[in-house]
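Chain order of the listed sequences is R and Y. First residue of the first sequence? That's 25 in the working numbering, and the numbers climb one at a time after it. First residue of the second sequence? That's 25 in the working numbering, and the numbers climb one at a time after it. In this text, a Cβ means the ideal position worked out from N, Cα and C, and glycines have one as well.
Number of protein chains: 2
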Amino acid sequence: MSTLDANWFTEIHADAGSAFSLRIRKKLVDEQTPYQRIEVFETTDFGNFMVIDGCTMVSARENFIYHEMMTHPVLYTHAAPKNVVIVGGGDCGTLREVLRHPEVESVVQVEIDERVTRLAEQYFPELCELNDDSRATLIFGDGIQWMKDAARESLDVVIIDSTDPIGPAEGLFSQPFYEDCLRALRPGGMIVQQSESPLLHPHILRAMHSAMRSAGYADVKTLQFPQMIYPSGWWSATIARKGEKIAGLREAGVVAKPFETRYYTADIHRAAFVLPAFLQQALAQ
Amino acid sequence: MSTLDANWFTEIHADAGSAFSLRIRKKLVDEQTPYQRIEVFETTDFGNFMVIDGCTMVSARENFIYHEMMTHPVLYTHAAPKNVVIVGGGDCGTLREVLRHPEVESVVQVEIDERVTRLAEQYFPELCELNDDSRATLIFGDGIQWMKDAARESLDVVIIDSTDPIGPAEGLFSQPFYEDCLRALRPGGMIVQQSESPLLHPHILRAMHSAMRSAGYADVKTLQFPQMIYPSGWWSATIARKGEKIAGLREAGVVAKPFETRYYTADIHRAAFVLPAFLQQALAQ
């Protein structure tokens, strides 16, 4: 049986009885902010790697899958996404992918902890390379309050790119927040939220579907993708739409997109919404 | 930073700089066979769990994904799979899924290490529940030699369910073995082989595609699925077909199948063949 020495970072998923480790070269940051503890490591094989409150957040090597799948499916489903809000998303990888879309006219990112973004600028500069885009506004504050105050029918897409539904992000996984988002969305608008592991957390997915439907969205769908550094290596995002079915992929737009993706394609878009039998059953109403 | 105590089994993926752990309740078996070291653990959350030469092999909780995806895609692509061979597959989970197909008339399983099967019968009885089916023949011997000796055009499907391409299974990832399989297949016959992680091992996938094409197969395709206990949590299988394109899903057969699946559906079948942009590029000829 192998033993991990001090050259490894390990996240124990106590509820799941599993753990994931990356081999580190050195610790670059260990900082307690008013909100959470942030660590940044240099790994041997995954580039720089950020950890918040002991939970893996982002590695340079494989974050592209998560960030592409949190953004392009919803942006290429909306007919004309002009005004986008990101709640959380402090590493700015989601922001970068949104800003690649020329049809987007404004993106407001509301991250509670400015230090996440400042450390990302320093240690994940590639994720922050579009932060100076004139269409982007970075706000450091409470996303729940921001959404309460948002003008009615002023947004097309809300991307909820938060930590897990325990701790500071808990309120982002609740019906009142979904209702505030619904009010702020224009007809046909969508929210998308990271929704944990299909294998380990079907109960969270089920509760999220239920809360989104109860909040008044017309349709709720989950898509899934691999995510090596998150529990089980398999992750999901859940989309809810105001007044319409989640359909209408702008395939010509995907084919002609003026930027490269490493994971997302039109075929991946369709395939990601296909759920395995056990998850279909878990989510059946 | 968390530390794993003696209550955890850890597999270090030294080449990848990552590690995966399961929390164990007790060790049930630790046995050196003529071929390899086999350990079986009782875990806290994943049921019984087999390890060979330090590498995670099978857990009771999530092996269904692997075993369904190694069998049903190829069996529902073949128009009439009558004669099937499994090379490796000692835990018998693949054998069970093959035997669920009434159209299959014979399955020969050639596993080099009888102890894998005997321990599976003891600790994974659910995987072995169809071992007494009259259509099944269990041979304990060398799959490479068996395939050399196989009658020409006598098989419809060969499932290569082996350990990684280092150590005893190395010869199963080589052009000469693929040529022997090709000779033993009837026209339209297929081989399917586990083909490692899309994220960590695209070079292995690339080499496998090349070797299968060089061996003379008409078409080679990779499908992918989540596999929590294998490196990166994301795994693949690669199919090669004799004389025909890999196409022709028997969708009516899937819909009317006389058994339940927990992962596989006709939609999952199609979705699994959709590869992300980076892997398409890696596999482009």
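Asked                                                                                                                                                                                                         : Found
Bridge partners for H37 (chain R) per DSSP, in chain order?                                                                                                                                                   : R:S42
Using the beta-carbon count (16 or more within 10 Å), is V279 (chain R) buried or exposed?                                                                                                                    : exposed
Would you mind sorting F283 (chain Y) into buried or exposed? The rule is 16 or more other CB atoms within 10 Å of its CB.                                                                                    : exposed
Using a beta-carbon distance below 8 Å, is L229 (chain Y) in contact with chain R?                                                                                                                            : no
Would a C-beta distance cut-off of 8 Å place G213 (chain Y) and L179 (chain Y) closer than the cut-off?                                                                                                       : yes
Could you name the residues of chain R that A144 (chain Y) contacts, counting a contact when the two beta carbons are closer than 8 Å?                                                                        : The premise fails here: A144 (chain Y) is roughly 21 Å from chain R at the closest Cβ pair, so nothing lies under 8 Å.
Residues of chain Y with a CB under 8 Å from the CB of S260 (chain R): which are they?                                                                                                                        : Residues of chain Y passing the Cβ test: none, with the nearest at roughly 11 Å.
Residue ranges of each beta strand (DSSP E) run of no fewer than 3 residues wholly in the segment 140-208 of chain Y, ordered along the chain?                                                                : 160-164, 179-185
Could you please tell me which residues of the segment 63-85 of chain R, in chain order, have their CB closer than 9 Å to any CB of chain Y?                                                                  : E63, T67, T68, D69, F70, V75, G78, R85
The segment 43-65 of chain R: which residues have C-beta closer than 7 Å to a C-beta of chain Y, in chain order?                                                                                              : A43, F44, S45, L46, R47
What in chain R is Cβ-close to E275 (chain Y), meaning under 9 Å?                                                                                                                                             : Ordered by position in chain R, no residue passes the 9 Å Cβ test against E275 (chain Y), which lies about 14 Å from the chain.
Going by Cα to Cα distance, which pick from Y:Y254, Y:I270, Y:K269 is closest to K73 (chain Y)?                                                                                                               : A quick correction: the sequence has Phe, not Lys, at residue 73 (chain Y). Nearest C-alpha to F73 (chain Y): Y:Y254.
Could you tell me which uninterrupted alpha helix (DSSP H) segments, each at least 4 residues in length, are contained entirely in the segment 218-260 of chain Y, listed from first to last along the chain? : 226-239
With DSSP as the reference, label E275 (chain R) as helix, strand or coil.                                                                                                                                    : helix
Can you pull the chain Y residues whose beta carbon is under 7 Å from the beta carbon of D291 (chain R), in chain order?                                                                                      : V298
Would you list the one or two residues that DSSP bridges to G114 (chain R)?                                                                                                                                   : Answer by DSSP bridge pairing: none, since G114 (chain R) is not bridged.
So M252 (chain R) contacts chain Y; which residues on that side make the cut at Cβ distance below 8 Å?                                                                                                        : S42, L223, S256, G257, W258
Going along chain R, which residues have a C-beta under 8 Å from W32 (chain Y)?                                                                                                                               : A43
Counting only the same chain and skipping the five closest in sequence on each side, list residues whose C-beta sits under 6 Å from that of A84 (chain Y).                                                    : G71, N72
Between I215 (chain Y) and the rest of its own chain, which residues show a CB-CB distance below 6 Å, the 5 nearest in sequence each way excluded?                                                            : V182, C205, A264
Could you tell me whether the Cβ of F302 (chain Y) comes closer than 8 Å to any Cβ of chain R?                                                                                                                : yes
Would you mind telling me which residues of chain C sit closer than 8 Å to S26 (chain Y), beta carbon to beta carbon, in chain order?                                                                         : Checking the listed chains, one finds no chain C in this structure; the protein chains it contains are R and Y.
Which residues does DSSP list as the beta-bridge partners of E92 (chain Y)?                                                                                                                                   : E92 (chain Y) is not bridged to any residue.
Would you mind telling me which residues of chain Y sit closer than 7 Å to A295 (chain R), beta carbon to beta carbon, in chain order?                                                                        : A295, V298
What residues match up with T80 (chain R) in a beta bridge as DSSP calls it?                                                                                                                                  : R:V75
Tell me the rounded alpha-carbon separation between D54 (chain Y) and R207 (chain R).                                                                                                                         : 60 Å
Y288 (chain R) touches chain Y at which residues, Cβ-Cβ below 8 Å?                                                                                                                                            : P300, A301
Alpha carbons only, please: which of Y:A271, Y:A301, Y:R230, Y:F302 is nearest the one belonging to Q309 (chain Y)?                                                                                           : Y:R230
By the criterion of Cβ-Cβ separation under 8 Å, what are the contact partners of T285 (chain Y) in chain R?                                                                                                   : A301
Any contact of the segment 230-240 of chain R with the segment 188-199 of chain R, i.e. 3+ C-beta pairs under 8 Å?                                                                                            : yes
Measuring only the C-alpha atoms, how far is F302 (chain Y) from R286 (chain R)?                                                                                                                              : 5 Å
If you draw a straight line from the alpha carbon of Q133 (chain Y) to that of D156 (chain Y), how long is it in whole angstroms?                                                                             : 13 Å
Do Q60 (chain Y) and D77 (chain Y) come within 8 Å of each other at the CB atom, strictly closer than that value?                                                                                             : yes
Would you tell me roughly how many angstroms separate the C-alpha atoms of G267 (chain R) and D243 (chain R), rounded to the nearest one?                                                                     : 8 Å
Which residues does DSSP pair with V132 (chain Y) in a beta bridge?                                                                                                                                           : Y:V109, Y:T161
With R61 (chain R) as the anchor, note down where its alpha helix (DSSP H) starts and where it stops.                                                                                                         : It is not in any alpha helix (DSSP H) - R61 (chain R) instead sits in the beta strand (DSSP E) that spans 61-67.
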